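A.B. asks:
Residue numbers (my numbering): 804 to 898.
1) Keeping to the same chain, check which residues put their C-beta closer than 6 Å to that of residue 850; ignore five residues upstream and five downstream.
2) Distance check for residue 861 and residue 823, CA to CA, integer angstroms please.
3) Do residue 825 and residue 885 have their C-beta atoms within less than 7 Å of each other?
4) Tell me, which residues are paired with residue 889 by DSSP?
5) How many whole angstroms separate the CB atoms of residue 876 and residue 839, which I take to be in contact at a CB cut-off of 8 Å?
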């Protein structure tokens, strides 16, 4: 449990790093040779909660066929481990 009365004890970069690591592990389960992971900064929502530091937003990763895949995610980081849920939307489609 995170003490919400004090300031951010954990730097936001550490939260993003932990959540990106959790996303990397999740993506590698299905796409073991994917090439690149991006978090879309303009979609990021960062909050401090009683359970930990919440980061949610959207991102994309580059698959081996040079196709970008979109996803959204929710990640809770307690200072030690990241708990991740995500939804993969498939390949990006040009509009």
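A virtual CB, placed ideally from N, CA and C, is assigned to each residue, including glycine. Source: prediction; values computed, not measured.
C.D. replies: Checking against the coordinates, here is how it stands:
1) These residues qualify, in order along the chain: 857.
2) 12 Å
3) yes
4) Answer by DSSP bridge pairing, in chain order: 876.
5) Not confirmed; about 16 Å, so no contact.
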